[in-house]
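Below is one structure, written out as structure tokens; the observations come after it.
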Amino acid sequence: MANAGAGEVSVEELTEDAAKKMLSKLDEQLAEADIAYFRDDNPKMDDAEYDDQKRRYFEIEAKFPHLKRVGGPSGRVGGPVAEGFAKVAHARRMLSLANAFDEKDVANFETSVRKFLGLGPDADLAFTAEPKIDGLSLSLRYEDGRLVTAATRGDGAVGEDVTRNARTIGDIPNELEAAPGILEVRGEAYMSHKDFEKLNASQTKSGGKVFANPRNAAAGSLRQLDSEITKQRPLCFFAYAWGEVSEPLADTQEGALKRLAELGFKITPKMRRCANMKEMLEHYREVEAERATLGFDIDGVVYKVNDLSFQSRLGLRSTTPRWAVSHKFPAERAWTWLEAVEIQVGRTGALSPVARLSPVTVGGVVVSNATLHNEDYIAGRDADGEEIRGGKDIRPGDWVQVYRAGDVIPKIADTDVSKRPKDAKPYDFPETCPECGSEAVREPGDSVRRCTGGVACPAQAVERLKHFVSRAAFDIEGLGAKQIEQFYRDGWIRTPADIFRLKEKLGSGLNLLKNMEGWGEKSAENLFAAIDERRRIPLRRLLFSLGIRHVGEGAAADLARHFGNWDALARAVDSSKPAGEAERKAEEAAMEERAAAKKEDRRAKVGEARGRVWAGVPDKAREAWDEIVGIEGIGTTVATALVTAFSQEQERASIDELVEMLDEIEDEEVPAAGDSPVAGKTVVFTGTLEKMTRAEAKALAESLGAKVSGSVSAKTDLVVAGPGAGSKAAKAAELGVEAIDEDEWLRRVGRT
Ligand code: IVH
Numbered sequence: 160m161a162n163a164g165a166g167e168v169s170v171e172e173l174t175e176d177a178a179k180k181m182l183s184k185l186d187e188q189l190a191e192a193d194i195a196y197f198r199d200d201n202p203k204m205d206d207a208e209y210d211d212q213k214r215r216y217f218e219i220e221a222k223f224p225h226l227k228r229v230g231g232p233s234g235r236v237g238g239p240v241a242e243g244f245a246k247v248a249h250a251r252r253m254l255s256l257a258n259a260f261d262e263k264d265v266a267n268f269e270t271s272v273r274k275f276l277g278l279g280p281d282a283d284l285a286f287t288a289e290p291k292i293d294g295l296s297l298s299l300r301y302e303d304g305r306l307v308t309a310a311t312r313g314d315g316a317v318g319e320d321v322t323r324n325a326r327t328i329g330d331i332p333n334e335l336e337a338a339p340g341i342l343e344v345r346g347e348a349y350m351s352h353k354d355f356e357k358l359n360a361s362q363t364k365s366g367g368k369v370f371a372n373p374r375n376a377a378a379g380s381l382r383q384l385d386s387e388i389t390k391q392r393p394l395c396f397f398a399y400a401w402g403e404v405s406e407p408l409a410d411t412q413e414g415a416l417k418r419l420a421e422l423g424f425k426i427t428p429k430m431r432r433c434a435n436m437k438e439m440l441e442h443y444r445e446v447e448a449e450r451a452t453l454g455f456d457i458d459g460v461v462y463k464v465n466d467l468s469f470q471s472r473l474g475l476r477s478t479t480p481r482w483a484v485s486h487k488f489p490a491e492r493a494w495t496w497l498e499a500v501e502i503q504v505g506r507t508g509a510l511s512p513v514a515r516l517s518p519v520t521v522g523g524v525v526v527s528n529a530t531l532h533n534e535d536y537i538a539g540r541d542a543d544g545e546e547i548r549g550g551k552d553i554r555p556g557d558w559v560q561v562y563r564a565g566d567v568i569p570k571i572a573d574t575d576v577s578k579r580p581k582d583a584k585p586y587d588f589p590e591t592c593p594e595c596g597s598e599a600v601r602e603p604g605d606s607v608r609r610c611t612g613g614v615a616c617p618a619q620a621v622e623r624l625k626h627f628v629s630r631a632a633f634d635i636e637g638l639g640a641k642q643i644e645q646f647y648r649d650g651w652i653r654t655p656a657d658i659f660r661l662k663e664k665l666g667s668g669l670n671l672l673k674n675m676e677g678w679g680e681k682s683a684e685n686l687f688a689a690i691d692e693r694r695r696i697p698l699r700r701l702l703f704s705l706g707i708r709h710v711g712e713g714a715a716a717d718l719a720r721h722f723g724n725w726d727a728l729a730r731a732v733d734s735s736k737p738a739g740e741a742e743r744k745a746e747e748a749a750m751e752e753r754a755a756a757k758k759e760d761r762r763a764k765v766g767e768a769r770g771r772v773w774a775g776v777p778d779k780a781r782e783a784w785d786e787i788v789g790i791e792g793i794g795t796t797v798a799t800a801l802v803t804a805f806s807q808e809q810e811r812a813s814i815d816e817l818v819e820m821l822d823e824i825e826d827e828e829v830p831a832a833g834d835s836p837v838a839g840k841t842v843v844f845t846g847t848l849e850k851m852t853r854a855e856a857k858a859l860a861e862s863l864g865a866k867v868s869g870s871v872s873a874k875t876d877l878v879v880a881g882p883g884a885g886s887k888a889a890k891a892a893e894l895g896v897e898a899i900d901e902d903e904w905l906r907r908v909g910r911t
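Take the sequence shown: its letter number 344 is residue 503 in this note's numbering, and every next letter is one higher.
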């Protein structure tokens with residue numbers, strides 16, 4: 160069925176009706192061929208025939224673009240695409256790793272593991288050490304030995320379905336022998352240096368995209384909607400971890416990886432079992448020395464606790480495991496000219512100085528912007544007013560040193576005053592917002608100057624909206640940063656609630672949207688559908704999306720888990736308003752005193768100020784406040800930010816309006832509530848625990864659905880009191896809260 164081959168009508172001669180029929184037939188045949196090839200591993204059509212059919216489809220579609228079939232072959236082609244990847248929920252979350260930048264950080268990691276497990280300094284504690292591959296992580300799910308899905312990490316909970324593409328990677332077996340019934344293999348897809356150079360050479364020749372580094376090339380190749388393209392890109396895969404497994408792979412990390420190797424995976428090379436810190440650091444230096452000759456990019460060494468029963472006791476934080484850390488290689492550096500300093504206004508009003516640089520390559524990536532942190536940093540001082548860089552300030556026109564570590568934005572480390580142009584003047588940091596002209600204020604104790612315009616400042620409003628639609632927040636498909644800017648500029652969206660009114664607001668303007676650059680009938684319809692889909696939203700996402708200062712994903716999750724539903728949360732925040740205000744005033748007073756008397760003990764000052772301003776706060780407000788700050792992971796900073804946001808008129812109106820537009824705020828599921836007798840209970844640990852460390856007890860209680868609080872109140876259900884329990888045990892007795900000892904606690908949680 161080649162291009163107008165024997166018996167084939169040429170595209171030029173096709174009537175519209177015939178073209179329509181032909182497209183439908185080709186689409187059907189190609190879809191069947193895809194299923195046979197990708198899902199059933201049983202190709203029904205040879206490659207040449209497949210390519211010919213696809214080419215013919217595209218030719219006809221090019222002549223009759225309005226007959227393009229939704230979800231048809233062209234929707235599956237790379238480049239600017241109409242449809243994205245299907246979503247896959249990971250059976251176990253895909254996590255990232257905490258970083259260690261020097262030996263002290265590694266020592267802290269080792270100590271914290273010992274402390275959590277209650278191991279003395281001499282007890283055996285082995286680690287594996289292996290290179291950290293700089294590619295992109297993949298989760299491969301095998302059921303009964305067959306590869307059923309391959310997914311990218313995505314937001315950790317839900318990734319993109321790249322199964323078709325993964326099947327084209329030689330290192331990824333389609334079938335496994337003697338594997339557990341369910342096995343999720345986790346690892347890194349990457350491109351070798353050799354293949355990367357070859358690819359870029361051929362891209363240059365064909366006028367295609369040239370990639371900045373092997374990581375980008377690997378990501379760009381794997382995230383192709385057309386797996387034919389992926390197939391032509393030489394990707395490799397190393398396995399280094401696992402997700403769901405129906406039976407344990409081994410007792411140790413080392414053993415589990417050996418098992419994965421036996422099953423047919425390539426595992427990270429240069430892995431070593433280390434009995435102690437000395438061996439870990441030795442291995443780090445060895446891997447670092449061989450970095451250039453490995454043939455692929457690595458950016459550090461990952462240490463993992465070897466004993467898997469220790470790993471499971473250590474468990475997970477919200478985004479990283481407690482049992483692993485990545486020891487990063489030092490950042491790459493380069494010198495260049497600082498052409499100008501510009502100010503960007505962020506979501507919280509922070510005025511951030513950005514260095515515009517003469518482009519320079521740092522670690523294989525061309526850098527032309529870098530952060531300058533804040534005005535003190537530019538002036539050569541740290542947050543305490545102490546000199547940095549020997550007190551040298553940074554001036555536009557300077558010769559500066561740039562460095563970048565991993566994916567973070569590049570930074571300026573140093574300036575060479577011997578090369579400073581004679582007319583270079585110290586940078587004059589603006590005291591008004593360059594975007595809206597409002598006063599930009601620096602609170603005592605804060606290193607950042609902030610625009611006071613709030614959402615009336617267009618820069619803040621747009622940044623907040625961008626945050627609102629970002630992936631970890633409302634994640635509205637088709638509504639990204641670019642579209643937000645467009646809608647904001649045109650006046651259609653000014654607040655989050657406006658997004659949900661967009662269709663109604665546009666009304667007769669719908670035609671307008673359809674004719675706007677970048678929008679068509681289909682994309683407009685898709686956008687409204689995507690918006691409607693988000694009228695139901697989990698509580699933690701809603702909270703995070705509000706963009707309240709200090710309320711990041713972790714804090715939002717902690718709050719959601721504690722309060723369970725929106726009403727309970729809003730009630731607690733509203734009732735604690737006087738306490739939150741007192742706290743803010745106390746902090747401000749302490750900061751002022753601290754700013755006046757440098758290096759004073761801040762805690763003492765806060766304590767004094769607290770006493771003064773808290774005197775008149777009603778008990779009810781104190782209780783609500785104590786509940787919030789007592790939540791594990793939430794402190795006074797987050798609580799104050801919450802209370803402040805909820806009590807600011809304009810901000811609260813915007814939140815209420817948004818909530819009004821939603822159909823349902825999904826309650827937070829209490830994790831593994833099941834039949835555990837502590838599920839849903841608020842527990843306070845006090846005194847010394849002897850069988851388990853405090854941290855482990857907390858983690859265990861939370862994994863069983865309990866809330867752990869730091870203070871005893873009328874809301875406490877249970878106090879676990881060890882020897883030496885003092886005022887908290889007394890308060891429990893006073894309030895009639897049940898108090899038990901550690902043995903009874905272990906019995907209740909089934910750990911005896
Ligand atoms: S272990 C629980 N081992 O680094 C996390 N990760 O910055 C399991 N990575 O998302 C990861 N090489 O994509 C592990 N040898 C290695 C790795 C590695 C690269 C990636 C992985 C992870 C990211 C975290």
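Quick reminder that beta carbons are idealized off the backbone N, C-alpha and C, glycines included.
**Asked** How about S471: is its Cβ closer than 7 Å to a heavy atom in ligand 1?
**Response** No, the Cβ of S471 stays beyond 7 Å of every heavy atom of ligand 1.
**Asked** Should the segment 527-538 be regarded as contacting the segment 474-485, the criterion being three or more beta carbon pairs within less than 8 Å?
**Response** The segment 527-538 vs the segment 474-485: no contact.
**Prompt:** Candidates K673, V460, R312: which alpha carbon is nearest L299's?
**Reply:** Nearest option by C-alpha distance: R312.
**Asked** With respect to 7 Å, is the separation between the Cβ of E347 and the closest non-hydrogen atom of ligand 1 below this value?
**Response** At least one heavy atom of ligand 1 falls within 7 Å of the beta-carbon of E347.
**Asked** Taking the alpha-carbon positions, what's the G234 to Y647 distance?
**Response** Unreliable positioning characterises G234 in this predicted model, as indicated by a pLDDT of 47, which lies under 50. The coordinate reading is nonetheless provided below. Going by the C-alpha atoms only, they are around 29 Å apart.
**Asked** How long is the line joining the alpha carbons of E172 and Y216, rounded to whole angstroms?
**Response** E172 and Y216: Cα-Cα distance of roughly 15 Å.
**Item:** Limits of the unbroken alpha helix (DSSP H) element including D726
**Value:** Secondary structure note for D726: its alpha helix (DSSP H) is the uninterrupted segment 725-734.
**Message:** Below 8 Å on the Cβ atoms is my contact criterion, and I expect I643 with K625 to pass it. Report the Cβ-Cβ distance as a whole number of Å.
**Reply:** Contact holds; Cβ gap of about 5 Å.
**Prompt:** What do you reckon, is the C-beta of Y443 under 7 Å from a heavy atom of ligand 1?
**Reply:** Checking the Cβ of Y443 against ligand 1 gives no.
**Prompt:** How is I899 classed by DSSP in three states: helix, strand or coil?
**Reply:** Of the three classes helix, strand and coil, the one that applies to I899 here is strand, per DSSP.
**Prompt:** From P617 to P569, what does the alpha carbon distance come to, in whole angstroms?
**Reply:** So the two alpha carbons sit approximately 26 Å from each other.
**Message:** Buried or exposed, going by whether 16 or more other CB atoms sit within 10 Å of the CB of H442?
**Reply:** Counting Cβ neighbours within 10 Å, H442 comes out buried, since at least 16 surround it.
**C-beta atoms of E343 and V247 nearer than 8 Å** = Annotated as distal: E343 and V247, with beta-carbon spacing of 8 Å or more.
**Prompt:** What is the rounded straight-line gap between the Cα of A371 and the Cα of H532?
**Reply:** If you take the alpha carbons of A371 and H532, they lie about 26 Å apart.
**Asked** Between the C-alpha atoms of R811 and G713, what's the straight-line distance to the nearest angstrom?
**Response** Approximately 22 Å between the Cα atoms of the pair.
**Prompt:** Can you give the beta carbon distance from E491 to G522, rounded, assuming they're within the 8 Å contact cut?
**Reply:** Indeed, because the Cβ distance is near 3 Å, the residues count as touching under 8 Å.
**Asked** Among F488, W494, V614, V272, which has the Cα closest to the Cα of I571?
**Response** Of the candidates F488, W494, V614, V272, the one whose C-alpha sits nearest the C-alpha of I571 is W494.
**Request:** Assign V908 to buried or exposed, taking buried as 16 or more other Cβ atoms, counted over all protein chains shown, within 10 Å of its Cβ.
**Result:** By the neighbour-count definition (other C-beta atoms within 10 Å, threshold 16), V908 is a buried residue.
**Prompt:** Which residue's Cα is closest to the Cα of Q470: V607, N528, V272?
**Reply:** Nearest C-alpha to Q470: V272.
**Message:** Let's see if you can read the secondary structure: which residues bound the alpha helix (DSSP H) around D264?
**Reply:** Where D264 is concerned, the enclosing alpha helix (DSSP H) stretches over 262-276.
**Message:** Quick check: is any heavy atom of ligand 1 less than 7 Å from the C-beta of E447?
**Reply:** Judged by the Cβ position, E447 fails to qualify as a neighbour of ligand 1 at the 7 Å threshold, every heavy atom of the ligand being at least this far.
**Message:** For a test of your reading of the model: does the CB of A400 fall under 7 Å from any non-hydrogen atom of ligand 1? Yes or no.
**Reply:** Taking 7 Å as the cut-off, the C-beta of A400 counts as close to a heavy atom of ligand 1.
**Message:** Is E501 close to chain D? Criterion is C-beta to C-beta, closer than 8 Å.
**Reply:** Included in the structure is just one protein chain, with no chain D present.
**Request:** Could you spell out the range, first to last residue, of the alpha helix (DSSP H) harbouring W784?
**Result:** Element bounds for W784: 778-789.
**Prompt:** CB of S298 to nearest heavy atom of ligand 1: below 7 Å?
**Reply:** For S298, the shortest separation between its Cβ and any heavy atom of ligand 1 does not lie below 7 Å.
**Prompt:** Distance, Cα to Cα, E893 vs E590?
**Reply:** Using only the alpha carbons, I get a separation of about 54 Å.
**Asked** Closest by CA to V461, which one among K291, E598, N324?
**Response** Nearest option by C-alpha distance: K291.
**Asked** Near V170, what residues of its chain come up, given a Cβ to Cβ distance below 6 Å and the 5 sequence neighbours on each side ignored?
**Response** Contacts found: E218, I219, K222.
**Asked** Any heavy atom of ligand 1 closer than 7 Å to the CB of T427?
**Response** Checking the Cβ of T427 against ligand 1 gives yes.
**Request:** State the Cα-Cα distance for the pair D582 and G706, rounded to the nearest angstrom.
**Result:** Each residue's Cα considered, the two are about 42 Å apart.
**Prompt:** When the distance is taken between beta carbons, is A631 closer than 8 Å to F703?
**Reply:** Taking 8 Å as the Cβ cut-off, F703 and A631 qualify as a contacting pair.
**Asked** Under a three-way DSSP split, which group does K570 fall into?
**Response** Here K570 sits in strand by DSSP.
**Message:** Going by DSSP in three states, P655 sits in which element: helix, strand or coil?
**Reply:** It is helical.
**Request:** Indicate the three-state DSSP secondary structure (helix, strand or coil) for H352 in the structure shown.
**Result:** Residue state, collapsed to three classes: helix.
**Message:** Using CA atoms only, rank isn't needed, just tell me which of A337, D320, A259, G279 is closest to D303.
**Reply:** Closest by C-alpha distance to D303, out of A337, D320, A259, G279, is A337.
**Request:** Please state whether DSSP places R392 in a helix, a strand or coil.
**Result:** Three-state result, R392: coil.
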